[in-house]
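Below is one structure, written out as structure tokens, with a few remarks after it.
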Amino acid sequence: MSTTVRTRFAPSPTGHLHIGSARTALFNWLLARHTGGTFVLRVEDTDAARNTEASRDAIFSGLKWLGMDWDEGPQVGGDYGPYFQSERNEIYDRYLAQLEASDRAYKDESGATRFRMPDQPITIDDLICGSQTINLKEQGATRWDAKLKKDVAANPDLVIRRADGSYIFHFVNVVDDIDMKITHVIRGEDHLSNTPKHAALFEALGAPLPIFVHIPLNLNADGSKMSKRDQGASITDYIEQGFLPSAVCNYIALLGWSPKDDEEIFSLEKLIKRFELSGINRSNSRFDFKKCLWLNGEHLRRLDADELLQKSTPFLTEKNIPLDDPRLPAALQLIRERAETLDQIPAGIAPIFSADIEIEEKALAKISGRKNITDVLQGLHHSFADQSDWSEENIKASIVATAEKLELKMGALMLPCRIAATGKAGGPDLLPLLVLIGKNIVLDRITQLIAKL
RNA sequence: GACCCGUUCGUCUAACGGUUAGGACACCUGGUUUUCAUCCAGGCAAUAGGGGUUCGAUUCCCCUACGGGUCGCCA
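If you're matching positions, the first sequence starts at 1058 in our numbering and goes up one per residue.
See the structure below:
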């Protein structure tokens, strides 16, 4: 048996959990789960000035919300800790001593420690991008100055420790991957160009290279780079808008990875089963929120009643919809067929639970011009009032009877009836909705609408 | 600017030299539901451009264009 897969997600806690980072985490997590390996969470907080506790918590809770757990890391521990880089200085000191002992690192005039870049070509193999060879000493001898817009002379030796003793990303990243026995480094393609440097460090530390997997980046819908402020960039956007974690995972998995067949609605379990590194493609992708929305609707419809209630609860509470109302389960079943996100649920079923409704102007405009609108509403009112058993069948019978009396088609009465009862032109299936609202309230609302016209 | 990666319908993608270039979202049209949504059927729509290699290129090679990335004592 080959060695067990160990992957890691190594976020820097300097902001919220970005959707692109979430996807990187997901790919690492999926590979570990697919292969029965280990998923490690490591917090890269070596930049004390930019790290915040709030950000760290947002990342943890974001991962958990998405459904990802970690086998080693903060909160759960593990054999290769600590899992905060800020607590690993002794380990870094030890590895640094190793480099210094072999004269691969030295202190420069400013007091910072530099890694002596080897003067020979370094070749890395990337599972996605192929192999590439580069001479870092040659290429590092100049540096692009963005302001001057030209190359300037530079020291090719990599700074790995600041004069104040704190360590630099490239060094700690490599040391931790060695020390934590990471087998697959799955990360964004923005790190591809850094990888030869990392490979040089691995070599100097006498460690074998992990398998590098640089995944393509996600861009905005217009092709621009996705930054923190862009729509849908933060995982909290999805939480607040009522997306389901499984749908978000499903969608981001499909950005850059393909099962190679026509299946595309995946639960987390199914993703684990199907995920293969060979299904990752090479080109950047753009976000398509409409497809994400569609996928969310699909996941919403697959929820069982209990899950639906549980997922909807925060959104219902926010809009003061009573959780203990016996009509709620039926209402949720009614609305779930046409909701794409959880936050669309309360508005759709609010007419059942709130005493007052607001008549939308657009809706009103659709019927206010009709000649016989008052007759229609009065006819419905009379016929409804006569029903002693407020059932779907009887309501339908009332509508049909009223339509015949007025020499109209049943369809012509549905919209006025809907607007009277809910204030909206669209919504859940009307007959069961009327049942749930209740006879007396429906009658009152018809009366109120007549008064308005 | 140098180096690196990429480029199939508007978008996500399939097709590991031979397909009428497939699927999905979006969009459009019809049907079902006497409402709304679902659903069903159909339609629109792509190999960036130019050279090779080959009997045959979406597929392999080169050039150009475009997009993205890297070039920090940020991660």
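For each residue, glycine too, the CB sits at the ideal point set by N, CA and C. The structure displayed is predicted, hence computed values, not measured ones.
Taking DSSP as the reference, what is the three-state secondary structure of M1058?
Bear in mind that a pLDDT of 46 at M1058, under 50, signals an unreliable position, so the number given afterwards is only what the model happens to contain. The answer is coil: DSSP assigns M1058 none of H, G, I, E or B.
Per DSSP, what kind of secondary structure is Y1140 in: helix, strand or coil?
coil
Across which residues does DSSP place T1180 in a beta bridge pair?
T1190
From V1270, H1227, K1348, pick the residue whose C-alpha is nearest to that of N1307; which is it?
Answer by Cα proximity: K1348.
By the 10 Å Cβ neighbour count, where 16 or more other Cβ atoms means buried, how is W1201 classified, buried or exposed?
exposed
Assuming Y1149 contacts R1099 (C-beta within less than 8 Å), just tell me the rounded distance between them.
That belief does not hold up - the Cβ atoms of Y1149 and R1099 are roughly 13 Å apart, past 8 Å.
Terminal residues of the continuous alpha helix (DSSP H) containing L1434?
1430-1443
C-alpha distance - A1422 paired with G1468, whole-angstrom precision:
Rounded to whole angstroms, the separation of the alpha carbons of G1468 and A1422 is 17 Å.
Should G1077 go down as buried or exposed, given a rule of 16 or more other Cβ atoms within 10 Å for buried?
G1077 is buried by the Cβ-count criterion.
Which of helix, strand or coil DSSP assigns to H1073:
Note: H1073 maps to coil in three-state DSSP.
Could I get the ranges of all uninterrupted alpha helix (DSSP H) runs contained in the region 1306-1351, with 4 residues as the minimum, in chain order?
Correct list: 1325-1331.
Does the distance from the C-beta atom of A1412 to that of G1405 stay below 8 Å?
No, the pair does not count as a contact, with Cβ atoms beyond the cut-off.
Evaluate contact between the region 1239-1250 and the region 1197-1212, counting only Cβ atoms and requiring at least three cross-stretch pairs below 8 Å.
no
Pick out whichever of S1188, V1499, V1232 has its Cα sitting closest to the Cα of F1269.
Taking each of S1188, V1499, V1232 in turn and checking the Cα distance to F1269, the smallest one comes out for S1188.
Figure out for me which residue from L1365, E1364, E1297, A1304 has the closest Cα to the Cα of W1351.
A1304
Measure the alpha-carbon distance for D1208 versus K1327 and round it to whole angstroms.
Each residue's alpha carbon lies about 50 Å from the other.
From the DSSP output, which residues share a beta bridge with Y1163?
R1171
As assigned by DSSP and simplified to three states, the class of E1397
coil
According to the Cβ coordinates, are L1366 and P1386 closer than 8 Å?
yes
Could you tell me if Y1295 is buried or exposed, where buried requires 16 or more neighbouring beta carbons within 10 angstroms of its beta carbon?
buried
What did DSSP end up calling I1217 once you bin it into helix, strand or coil?
strand
Have a look at the DSSP bridge pairing and note the partners of D1202.
K1207
Do you know offhand how far R1343's Cα is from D1128's?
Roughly 31 Å separates the two Cα atoms.
Would you call the region 1484-1495 in contact with the region 1425-1434, where contact means no fewer than 3 C-beta pairs closer than 8 Å?
Verdict: no, contact absent.
For M1058, collect the residues of the same chain with a Cβ closer than 7 Å to its Cβ; drop the 5 residues on either side in sequence, then sort them by chain order.
At M1058, the pLDDT of 46 sits below 50, so the modelled position is not reliable; the number obtained from the coordinates is stated separately. So the list is empty, once near-sequence residues are dropped.
Measuring straight from C-alpha to C-alpha, what distance separates S1369 and Q1390?
12 Å
Excluding sequence positions up to five away, which residues of its chain have a Cβ less than 7 Å from the Cβ of T1060?
T1240
Residues bridged to F1042 by DSSP?
Because the chain in this structure spans residues 1058 to 1510, residue 1042 falls outside the shown range and cannot be described.
Just checking my contact of A1257 with P1175 at CB under 8 Å: how many whole Å lie between their CB atoms?
6 Å
Going by beta-carbon coordinates alone, are R1475 and L1487 separated by less than 8 Å?
yes
Identified DSSP bridge partners for H1227:
Under DSSP, H1227 forms no beta bridge with any residue.
Could you tell me which residues DSSP puts in a beta bridge with E1129?
V1097
Tell me whether L1301 sits in a helix, a strand or coil according to DSSP, three-state version.
In the structure shown, L1301 sits in coil (DSSP, three-state: anything other than H, G, I, E or B).
Report yes or no: do three or more beta-carbon pairs, one from the region 1154-1164 and one from the region 1119-1127, lie closer than 8 Å?
These segments do not touch.
Tell me which residue opens and which closes the beta strand (DSSP E) that G1245 is part of.
1241-1245
How should D1109 be labelled, buried or exposed, when 16 other C-beta atoms within 10 angstroms of its C-beta is the threshold for buried?
For clarity, residue 1109 is Thr in the given sequence; the question names Asp instead. Flag for T1109 reads exposed.
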